[in-house]
Amino acid sequence: MASKKFHVNYSLLLAVVLVAAALLISTSLQGSYQADSSKKEEIYPDGDGHDSETSSSGKEDHEEAAEGHEEASTPDVEFVLSTILTEKGFAFEGKDGQRNPVLKVKAGDVVKITLIKEDMDGIEHDLAIVGIDAHISGHVKERGESAYLIFKAEKPGEYKYICTIPGHREAGMEGLLIIEE
Numbered sequence: 006m007a008s009k010k011f012h013v014n015y016s017l018l019l020a021v022v023l024v025a026a027a028l029l030i031s032t033s034l035q036g037s038y039q040a041d042s043s044k045k046e047e048i049y050p051d052g053d054g055h056d057s058e059t060s061s062s063g064k065e066d067h068e069e070a071a072e073g074h075e076e077a078s079t080p081d082v083e084f085v086l087s088t089i090l091t092e093k094g095f096a097f098e099g100k101d102g103q104r105n106p107v108l109k110v111k112a113g114d115v116v117k118i119t120l121i122k123e124d125m126d127g128i129e130h131d132l133a134i135v136g137i138d139a140h141i142s143g144h145v146k147e148r149g150e151s152a153y154l155i156f157k158a159e160k161p162g163e164y165k166y167i168c169t170i171p172g173h174r175e176a177g178m179e180g181l182l183i184i185e186e
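Residues in the sequence shown are numbered consecutively from 6, following my numbering.
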């Protein structure tokens, strides 16, 4: 009896497994997540958790929330971050291709960060800065969608920027914002 030889494309197999794992993480954690009020307080120091601002569409209330945060000012510094799928999960990508780039600004700068959805359709992402009261204008779910946040960099220090969708920070969506004096 002749044996058949199979050629396995390991790169394709790995990609399929990663996509399945990303979808599983996103959907299973999104459905079972119970918000921890201490974490909400950590991300939004004023206690104004962004889950409480989400309406049926999610966008209108976030746009209103973003309006009071230096909207009238022209940004001194602008960053663009794209959402990407990686071999280990998700990440933010800067315009130079760097994953989870370090963002540096000076105290007093008005900062605008635009988030652009580049990874798979149907997986929602957002952006928050732990310890800074800055609300994103909306979530991004479909490829090409964008949202932004604008804030004044007041207190010098190091802050984490993260995706607050359950499981996404742990899957790699975390970077560093440095506010210099």
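Glycine residues also receive a C-beta, built at the ideal position from the N, C-alpha and C atoms.
Integer Cβ distance of residue i from residue j, believed to fall under 8 Å
i	j	result
G180	P80	About 18 Å; that fails the 8 Å criterion.
R104	A96	4 Å
I121	L132	Not really, about 11 Å apart at Cβ, beyond 8 Å.
L86	G99	6 Å
Proximity below 8 Å, CB of residue i to CB of residue j
i	j	result
I89	D124	yes
E147	D126	yes
S78	T119	no
K109	E83	no
V115	H130	no
Extent of the continuous beta strand (DSSP E) to which residue i belongs
i	result
G162	G162 to I167
S78	Segment: none, S78 is in no beta strand (DSSP E) and carries neither H nor E.
E98	F95 to E98
L108	L108 to K111
T119	V115 to K122
G180	E179 to E185
I155	S151 to K157
Contacting residues, own chain, Cβ-Cβ under 6 Å from residue i (five flanking each side not counted)
i	result
G136	Y164
7 Å Cβ shell around residue i - same chain, five flanking residues per side excluded
i	result
G162	I184
R174	I167 and C168
E159	A112
G149	K122
Cβ shell of residue i (< 8 Å), same chain only, five flanking positions each side left out
i	result
Y153	A71, K117, I118, T119, L120, I141 and S142
E186	K111, A112 and P161
E65	Its pLDDT being 40, under 50, E65 is placed unreliably in this model, and the value from its coordinates should be taken loosely. Contacts found: none.
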